[in-house]
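Participant: First, the structure itself, so that you have it in front of you.
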Amino acid sequence: MSPAVDDPGGRRAPRGRVDALVPVVNAMTQRALGFTRDISRGGLKLKVAEPLVDQAVYQVRMELQAGDRRFPLEGGVQVVRQQREADGSCSVGLRFIHLDAASRTELDAWLAATDVDATLQG
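Residue 158, in my numbering, is where the sequence shown stops; the numbers in between run on with no holes.
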């Protein structure tokens with residue numbers, strides 16, 4: 037993975053696009069929080085029906101996919117920004133505050149499998 041980069045959106049790490057909507061589940065309540073299509077080593081962007089609590093911390097679980105391989109992740113995230121969209125949904129920026137070693141390894145493997153660095157440099 038290349039070193040973190042700064043971009044106009046305030047992100048420090050390259051983001052990978054997910055080919056399909058990935059449900060993100062609140063691990064404490066077992067309820068879906070929303071869907072993501074955008075994830076990096078530092079966090080993810082979530083599409084939700086209703087805003088989440090500003091600065092709140094959530095324990096989330098999701099499963100990314102690249103080809104036939106699945107990459108399960110579970111970790112702690114914090115709400116860092118929210119924006120209401122034209123369709124009435126909300127886009128929520130979440131930063132990872134904790135990923136255990138297994139989830140960090142899975143995320144790094146997914147980012148490598150989706151060739152995020154090549155997309156940024158190409």
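Just so it is clear, CB atoms sit at the ideal spot from N, CA and C, and this is done for glycine as well.
For the ligand SAH, is there a heavy atom less than 7 angstroms away from the beta-carbon of glycine 103?
Facilitator: Ligands are entirely absent from the displayed structure, and the ligand SAH is therefore not among its contents.
Participant: Counting along the chain, where does the alpha helix (DSSP H) carrying aspartate 144 start and finish?
Facilitator: Looking at the DSSP string, the run of the alpha helix (DSSP H) that includes aspartate 144 is 137-149.
Participant: Would you be able to state if there are at least three C-beta pairs under 8 angstroms between the segment 64-75 and the segment 95-103?
Facilitator: Result yes; three or more Cβ-Cβ pairs closer than 8 angstroms.
Participant: Since arginine 15 and valine 116 should fall inside the 8 angstroms C-beta cutoff, what is the C-beta to C-beta distance between them, to a whole number of angstroms?
Facilitator: Since the first residue of the chain shown is 37 and the last is 158, residue 15 is not available in this structure.
Participant: Looking at the strands, I want to know which residues DSSP matches up with methionine 98.
Facilitator: DSSP lists Leu109 as partners of methionine 98.
Participant: List the residues that DSSP assigns as beta-bridge partners of valine 60.
Facilitator: According to DSSP, valine 60 bridges with Gly70.
Participant: Look at the Cβ atom of glycine 124, then the Cβ atom of lysine 81, and state whether they are nearer than 8 angstroms.
Facilitator: Cβ atoms of glycine 124 and lysine 81: not closer than 8 angstroms.
Participant: In terms of DSSP beta bridges, what is leucine 130 paired with?
Facilitator: In DSSP, leucine 130 forms a bridge with Leu80 and Val115.
Participant: Determine whether the Cβ of alanine 122 lies closer than 8 angstroms to any Cβ atom of chain B.
Facilitator: In the displayed structure, chain B is absent; only one protein chain is listed.
Participant: Taking 7 angstroms as the limit between beta carbons, can you name the residues of its chain near arginine 105, skipping five residues before and five after?
Facilitator: Cβ neighbours of arginine 105 beyond the five flanking positions: Ala149.
Participant: Going by C-alpha to C-alpha distance, which of Gly78, Lys83 and Thr72 sits closest to alanine 122?
Facilitator: The shortest Cα separation from alanine 122 among Gly78, Lys83 and Thr72 belongs to Lys83.
Participant: May I ask you to report which of helix, strand or coil DSSP gives valine 93?
Facilitator: Three-state DSSP puts valine 93 in a strand.
Participant: Assuming contact is defined by CB atoms lying nearer than 8 angstroms, are isoleucine 133 and valine 93 in contact in what I supplied?
Facilitator: In contact: isoleucine 133 and valine 93 (Cβ atoms closer than 8 angstroms).
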